[in-house]
Amino acid sequence: MDRRTFAQRVALAAGALGLAQPDQPAQAAEAPADKGAKPAARPAEIAPGGPREPVSVDDFQALSAAALPKATYEYITTGSCDEFTLRENIAAFRRIKILPPLLRGVSQVDTATTALGQPISLPIMLAPVACQSFYHPQGALASSRAAHAAGTIYGVSSSVGHSVEEIAAASQGPKWFQLYVPKDLAVARQLVQRVEKAGYQAIIVTVDLGEWKDADRRNNFALPKKMLVKHLRDTGFDQISDRMSEAEVRDFNINAWDISLSWKFFDWLRDQTKLPILMKGVLRKADAEQAMAIGLEGVIVSNHGGRRLDGMPATIDRLSEVAAAVGDRAEVYLDSGIRRGTDVLKALALGARAVLIGRPYVWALSAQGEAGVRKVIELLRAELHNAMIATGCAKLSDIDRSLLITSTTEGSPP
Ligand code: FNR
19 MDRRTFAQRV ALAAGALGLA QPDQPAQAAE APADKGAKPA ARPAEIAPGG
69 PREPVSVDDF QALSAAALPK ATYEYITTGS CDEFTLRENI AAFRRIKILP
119 PLLRGVSQVD TATTALGQPI SLPIMLAPVA CQSFYHPQGA LASSRAAHAA
169 GTIYGVSSSV GHSVEEIAAA SQGPKWFQLY VPKDLAVARQ LVQRVEKAGY
219 QAIIVTVDLG EWKDADRRNN FALPKKMLVK HLRDTGFDQI SDRMSEAEVR
269 DFNINAWDIS LSWKFFDWLR DQTKLPILMK GVLRKADAEQ AMAIGLEGVI
319 VSNHGGRRLD GMPATIDRLS EVAAAVGDRA EVYLDSGIRR GTDVLKALAL
369 GARAVLIGRP YVWALSAQGE AGVRKVIELL RAELHNAMIA TGCAKLSDID
419 RSLLITSTTE GSPP
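The opening position of the sequence shown corresponds to residue 19 in the numbering used here, with each subsequent residue numbered one higher.
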């Protein structure tokens, strides 16, 4: 594979949002309005006579499969290469069992906590997810409002389809901004300043760059030129205009992003902003220790939802080690594979302060817009609530490792 092909493919995950084979014109992925397209890999049957009211994340996935064109649904849903990591993210949660202690006299629970000092009503936040205006016309504006209504934090992708100001204006709710880094640091600096001015409360730097998904290459998935132009202009690339040809815009896009980040970038970022900084994509103890050595305020244990490098372990299997390395020096969050309230309970028991969900809310967004995102958060809240009552935990700080049978405790339940 030549360098340009590689760069094009990696660019998709580095904020570029454009994926096309170099020797073929980019196909605009079908518009969401094109309901005639056959959905891929429908996970469950939709009830005859119309979509039923969803009662689980899986139900939202089925609705999303029915609502979206195949290429768009697969862009959201699929994982890298053989999808080992995608499956493992789910399977690892299922391997951990809950052994509830009985008769603790709990009938009311409180799911409130804080994230970097911000009170949130439940330990579930929205992960940064790109291209949201491609899944629903309201896109990130709907996610922003739903997160606010649910009392939680919206992690805003820097490739989301609306500008940081538009999203800030959509709701007063707390937001963290996830930064993909323009090569031109003057553009990056301005973007960080705009994020601060718009009232975002933290910056997430995603360090596991480069999606590698067969489905997207097979489908020749790409954003329409109009969306790509808006994205680049929203980032601060003022030289981009509608008058440029599609090829020129895509070429610009490929070269615009820094995909060779190193630890030094954090020194630069620290000089630009007073906002707390989180690193997303941490799986190793040594990296967690280094993140603490440079004074980061938080780490997100993530494998990008199994979209990047296939073969990586499930995040829940890496959490304890990372949490131990961080200790009480910073906050630890986890994403990748959360589908049930019991998954949230397991993550908290193993050291996460809160979790982030990606696909679950994007499936809901594509199926039902803002109301869907709100509903999926409430579903997970209700499931967590139920799990806390069943395990006798009146508050989140009551959730601990002793509730679980993991591979290390198997055979000797507490
Ligand atoms: C993502 N993710 C992601 N992460 C990020 O830091 N910036 C981004 O722009 C995106 N874009 C993106 C698009 C889509 C369609 C998906 C599904 C995911 C990764 C995301 O933040 C998160 O790590 C995973 O989605 C978590 O896994 P689950 O919840 O989807 O299993």
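All C-beta atoms in this analysis are idealised placements derived from N, C-alpha and C, irrespective of residue type, glycine included.
Note that this is a predicted model, so its numbers are computed, not measured.
Should residue i be counted as a contact of ligand 1 given a C-beta to heavy atom distance under 7 Å?
| i | result |
| --- | --- |
| Pro-378 | yes |
| Gly-355 | yes |
| Ile-94 | yes |
| Gly-438 | Within the shown structure, residues of the chain are numbered from 19 to 432, placing residue 438 beyond reach of any answer. |
| Thr-224 | yes |
| Gln-196 | yes |
| Pro-242 | no |
| Ser-320 | yes |
| Ser-74 | no |
| Asn-107 | yes |
| Pro-146 | yes |
| Ser-98 | no |
| Lys-248 | no |
| Ile-375 | yes |
| Lys-88 | no |
| Ser-177 | yes |
| Lys-298 | yes |
Just to confirm, are residue i and residue j a CB contact at a threshold of 8 Å?
| i | j | result |
| --- | --- | --- |
| Thr-129 | Leu-421 | no |
| Ala-332 | Gly-355 | yes |
| Arg-122 | Gly-390 | no |
| Ala-85 | Ala-382 | no |
| Tyr-379 | Ser-161 | yes |
| Leu-374 | Leu-402 | no |
| Gly-169 | Arg-325 | no |
| Gly-299 | Leu-337 | no |
| Met-143 | Gly-173 | yes |
| Ser-74 | Ile-407 | no |
| Glu-349 | Leu-134 | yes |
| Leu-209 | His-180 | no |
| Glu-183 | Ala-216 | yes |
| Trp-275 | Ile-312 | no |
| Trp-194 | Gln-219 | yes |
| Met-310 | Val-344 | yes |
| Ile-318 | Asp-353 | yes |
| Ala-412 | Thr-131 | no |
| Arg-163 | Glu-388 | yes |
Looking at the secondary structure, which residues open and close the beta strand (DSSP E) in which residue i lies?
| i | result |
| --- | --- |
| Ile-375 | 372-375 |
| Gln-196 | 193-197 |
| Gln-136 | 136-138 |
| Lys-298 | 295-300 |
Using the C-alpha atoms, what's the distance from residue j back to residue i?
| i | j | result |
| --- | --- | --- |
| Leu-296 | Ile-221 | 6 Å |
| Gln-196 | Val-213 | 10 Å |
| Ala-405 | Ala-367 | 12 Å |
| Ala-110 | Glu-307 | 24 Å |
| Leu-250 | Val-267 | 9 Å |
| Val-178 | Val-147 | 7 Å |
| Thr-12 | Gly-376 | Residue 12 lies beyond the stretch modelled for the chain, which goes from 19 to 432, so this question has no answer here. |
| Gln-42 | Ala-187 | In this prediction, Gln-42 scores a pLDDT of 39, lower than 50, which makes its location untrustworthy; the coordinate-derived value is nonetheless stated afterwards. C-alpha separation (whole angstroms): 39 Å. |
| Tyr-198 | Arg-392 | 27 Å |
| Cys-149 | Asp-252 | 13 Å |
| Val-357 | Glu-101 | Correcting the residue type first, residue 357 is Arg in the shown sequence and not Val. Rounded to whole angstroms, Arg-357 to Glu-101 spans 17 Å at the Cα level. |
| Asp-234 | Gly-323 | 15 Å |
| Thr-95 | Asp-285 | 35 Å |
| Thr-424 | Glu-71 | 34 Å |
| Gln-136 | Leu-293 | 13 Å |
| Gly-228 | Ile-277 | 8 Å |
| Ser-320 | Ser-263 | 37 Å |
| Tyr-93 | Leu-117 | 37 Å |
| Ile-417 | Asp-328 | 31 Å |
| Arg-60 | Lys-248 | For Arg-60, the predicted structure reports a pLDDT of 46, less than 50, and the residue's modelled location is therefore unreliable. A value from the coordinates is still provided. For Arg-60 and Lys-248, the distance between alpha carbons rounds to 32 Å. |
| Leu-104 | Gly-254 | 33 Å |
| Leu-81 | Asn-237 | 21 Å |
| Ile-171 | Arg-399 | 14 Å |
| Leu-279 | Leu-287 | 12 Å |
If you follow the alpha helix (DSSP H) that residue i is part of, which residue opens it and which one closes it?
| i | result |
| --- | --- |
| Met-143 | Not the alpha helix (DSSP H): Met-143 falls in the beta strand (DSSP E), residues 142-144. |
| Glu-264 | 264-274 |
| Gly-157 | 157-168 |
| Gly-359 | 359-367 |
| Leu-246 | 243-253 |
| Ala-348 | Element bounds for Ala-348: n/a, residue is neither H nor E. |
| Tyr-218 | Premise fails: Tyr-218 is in no alpha helix (DSSP H) and is neither H nor E. |
| Tyr-91 | 88-95 |
| Ile-108 | 102-113 |
### Query
Counting pairs of beta carbons, one from the stretch 145-153 and one from the stretch 202-217, are three or more of them closer than 8 Å?
no
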